[in-house]
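Residue numbers for the sequence shown follow this note's numbering, beginning at 4 and rising by one. Here a beta-carbon is modelled for each residue, glycine too, at the ideal position from N, C-alpha and C. Below is one structure, written out as structure tokens, with a few remarks after it.
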Amino acid sequence: MIELGHFAAFLALGLSLAQAVFGLKGERRLAGLAAVTGFGVMALSFLILIFAFMRSDFSVALVANNSHTLKPMVYKIAGAWGNHEGSMALWCLVTIGFGAIAAATMRTGRETFEARALGVQGMLAFGSLAYLLFASSPFLRLDPAPFQGAGLNPLLQDPALALHPPMLYLGYVGYSFVFALAAAGLMEGRIDRVWAKEARIWSLAAFAPLTLGIALGSYWAYYELGWGGWWFWDPVENASLMPWLIGAALLHSVIVTEKRESFAAWTALLAVLSFLFSILGAFLVRSGVLTSVHAFAVDPERGTLLLLGLLAYGGFALGLFAMRAPALTGGKPWQLFSREGALMANNVVLIVATLTVLLGTLFPLIAEAFGRTISVGEPYFNLTFVPILVLILILLPVVQAWAWGKADLKTWTRWAMGGAALTAVFLLLGVGVMSIPLGAAFGVAVGVWLVFGGVWEMKRRAMTLGRVFKMPARVWAMTLAHVGLGLFVIGAVIETSGRYEATLALAEGGTGTVAGWEITLKEVRAIEGPNWYADKAVLTACKGGASAELLPMKRFYPAAMMPTTETAIHKTGTGDLYVALGEQREVDGQARWVFRVYYNPMVDLLYFGVVLIGLGGLLAMWPEKRGLKPSEGAA
4 MIELGHFAAF LALGLSLAQA VFGLKGERRL AGLAAVTGFG VMALSFLILI
54 FAFMRSDFSV ALVANNSHTL KPMVYKIAGA WGNHEGSMAL WCLVTIGFGA
104 IAAATMRTGR ETFEARALGV QGMLAFGSLA YLLFASSPFL RLDPAPFQGA
154 GLNPLLQDPA LALHPPMLYL GYVGYSFVFA LAAAGLMEGR IDRVWAKEAR
204 IWSLAAFAPL TLGIALGSYW AYYELGWGGW WFWDPVENAS LMPWLIGAAL
254 LHSVIVTEKR ESFAAWTALL AVLSFLFSIL GAFLVRSGVL TSVHAFAVDP
304 ERGTLLLLGL LAYGGFALGL FAMRAPALTG GKPWQLFSRE GALMANNVVL
354 IVATLTVLLG TLFPLIAEAF GRTISVGEPY FNLTFVPILV LILILLPVVQ
404 AWAWGKADLK TWTRWAMGGA ALTAVFLLLG VGVMSIPLGA AFGVAVGVWL
454 VFGGVWEMKR RAMTLGRVFK MPARVWAMTL AHVGLGLFVI GAVIETSGRY
504 EATLALAEGG TGTVAGWEIT LKEVRAIEGP NWYADKAVLT ACKGGASAEL
554 LPMKRFYPAA MMPTTETAIH KTGTGDLYVA LGEQREVDGQ ARWVFRVYYN
604 PMVDLLYFGV VLIGLGGLLA MWPEKRGLKP SEGAA
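This is the structure in structure tokens:
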């Protein structure tokens, strides 16, 4: 069967080439047929690969290197994409899948434009499949086959990590079709309302899963790695954040193009950059240039091929943009103090924020090339990235109420005064009543300002309470996303500024105190799982009338010869009591177990905020209904 899967992947390669040729020639029907058929055969190929993992077919090198007979079935399946070659097969499947869905659903009335978009998508699929089959084949065989496999990386044997790569790839690869639309629009010389309506849907189809995929990865790192935090400015985390920031800028820009036919060149450029930053992320993760717990591969040769692909796609798209952009003019006039002006400022700031993250991520590599070792961590990003975003967050509730063309500055003045008063109240409450640092109080005030602004904008558009639930899905989507952003800011500020951490060295029966919690070690015992064995601690935690049992573990996977930390988390309603088990040491002549204990206040609030942002993106894809419109001047 694995040979059938291998053959199906080559057949998908040929069909992607046919899709590219027919599409660029303007043959819409034939390009669409090739796209749909190509997806069918690539899906067959990928399902066969999954089946090889399910039946532990160790004659397949990929299965032998990333699976084990004792591994639970869900992780056998996840092993199909929990490695470099399998993840690239998933990348190819999603790339072809987006083309197939577009072939079946696009109805712009411009056959040549649609054909070219499918053609460019075919080019992207062909390049990805060629890289898969000739540089990273998941179908290589072993003869003789080993009796047992090496096992999947234990860190990846987790439910969140089983879902994280597919969700993330829907985002990364989703921008491939936005890229294809931009290239087709530039070839046609028309980035207008029809183009923008199509591009907005595909941008949302990428942005929403990318948001949820980043959240899944963050939550996995939070409870699996035992580091106690939710974001570490890890280079691979940054690689996913950069296309998200560009994607956010693209979403706001494409709205202007759809509503006013302005920002045509700017929107096309952002559509190109969103995918190029996704390819850059793939290069950083797979080239071996970055050291990270998230990295898939350490292979400079294959990384070089990805870099060449990035340069080829980037050169093609940016060259096309340079030729066509000067002709992309028009749209309705607007002034600096208008919704268009505010959205342009938003995009500029997001681009600067992205470049700031890019510099912080790549600077150690640049320094290393010149013989110096430099580490760029949280202090750099706190001093550069955070202030840049604060500017957007403060202005967001004000400018979302501005009218197209020219804003009413009286409205802006009222909003500014209200925002200043709200900020002052929360600063006084934070610093005076809750005794938290000035910066944290300001951050909480900004988060409350965002939540208030989102809710108030919904009220302004609906005018009456009865109309709120009849508002268009796009208005609800905007409200959810902006409120979610505010909740994320509140949660992130409180968690970061209020986090308490301590190290306890406890003998059995010993007690320590952390953040008001009295923690007692009852015992540490050895246990065994399906493909691991572990030391499991039994702790009791008491505070006032509340109590909890915590069961942190230190696992060891013999097949991979690798340990993992399984944290214990008790949710109190206002935060997490978080315990990670360390090593046994001798302290004052007595054997003690070392525990790293954290109290993380309001950490769930920031994840809830991110989920609302993702749901807002999904809701914005809902087809619009005719009938009730937003109040006059609100749209």
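So is residue i in contact with chain B if we call contact Cβ pairs under 9 Å?
i, result
"P336", "The question asks about chain B, but that chain is absent: this structure has only one protein chain."
Quick check: the Cα distance between residue i and residue j, rounded to an integer number of angstroms?
i, j, result
"K632", "G188", "Note on K632: pLDDT 45, under 50, position unreliable in the model; no value is reported."
"V527", "A224", "25 Å"
"A163", "L213", "14 Å"
"L166", "K413", "48 Å"
"M466", "D195", "32 Å"
"L279", "L314", "9 Å"
"E6", "K335", "57 Å"
"G29", "G612", "44 Å"
"E264", "A345", "16 Å"
"F366", "R144", "40 Å"
"I377", "A370", "7 Å"
"A105", "I354", "28 Å"
"H573", "L431", "32 Å"
"H297", "V239", "A caution first: H297 carries a pLDDT of 49, below 50, which makes its placement in the model too unreliable to give a value."
"S256", "N350", "7 Å"
"V379", "T357", "16 Å"
"T577", "G519", "14 Å"
"R31", "V393", "46 Å"
"G374", "F286", "22 Å"
"A623", "L321", "29 Å"
"P329", "S281", "26 Å"
"A12", "R305", "19 Å"
"K74", "N68", "13 Å"
Quick one: measure Cβ to Cβ for residue i and residue j, integer angstroms, because I've assumed they're closer than 8 Å.
i, j, result
"P555", "T570", "6 Å"
"G457", "G489", "7 Å"
"N385", "E498", "So it is not a contact: roughly 14 Å between Cβ atoms."
"A448", "T416", "Going by Cβ atoms, the distance from A448 to T416 rounds to 19 Å, so no, they are not a contact pair."
"F25", "G122", "7 Å"
"V389", "A443", "Actually they do not touch by this definition, with Cβ atoms about 12 Å apart."
"G461", "L361", "Checking the sequence shown, residue 461 turns out to be Met, not Gly. The pair is not a contact, with the Cβ atoms about 35 Å apart (cut-off 8 Å)."
Could you spell out the range, first to last residue, of the beta strand (DSSP E) harbouring residue i?
i, result
"W596", "Q593 to P604"
"M565", "M565 to E569"
"A376", "Checking the displayed sequence, the identity of residue 376 turns out to be Thr instead of Ala. It is not in any beta strand (DSSP E) - T376 carries neither H nor E in the DSSP assignment."
"S550", "A549 to L553"
"E521", "W520 to E531"
"T108", "It is not in any beta strand (DSSP E) - T108 instead sits in the alpha helix (DSSP H) that spans H87 to T108."
Residue i and residue j: beta carbons closer than 9 Å?
i, j, result
"L1", "Y316", "In the structure as shown, the chain starts at 4 and stops at 638, and residue 1 therefore has no counterpart that could be examined."
"S221", "W230", "no"
"V275", "F210", "no"
"E191", "F116", "yes"
"S277", "V181", "yes"
"A199", "E114", "no"
"W535", "F559", "yes"
"A37", "S19", "yes"
"L155", "H87", "no"
"M474", "Q403", "no"
"L248", "S206", "no"
"A268", "L331", "yes"
"E521", "C545", "yes"
"E381", "W236", "yes"
"G152", "S59", "yes"
"L580", "Y610", "no"
"S48", "G8", "yes"
"A529", "L584", "no"
"A21", "G125", "yes"
"G284", "E343", "no"
Just curious, the alpha helix (DSSP H) that residue i is in, first and last residue?
i, result
"P382", "E381 to V402"
"E343", "R342 to A372"
"Q587", "Per DSSP, Q587 belongs to no alpha helix (DSSP H); it is in the beta strand (DSSP E), G578 to V590."
"G174", "P162 to E191"
Cβ of residue i within 8 Å of any heavy atom in the ligand GTP?
i, result
"P149", "Looking for the ligand GTP in the displayed structure turns up nothing, as the structure carries no ligands at all."
>> Below 8 Å, how does it come out for the stretch 55–70 and the stretch 139–157: are there three or more Cβ pairs, yes or no?
In response: yes
>> Count Cβ pairs between the stretch 147–161 and the stretch 81–96 that sit closer than 8 Å; are there 3 or more?
In response: yes
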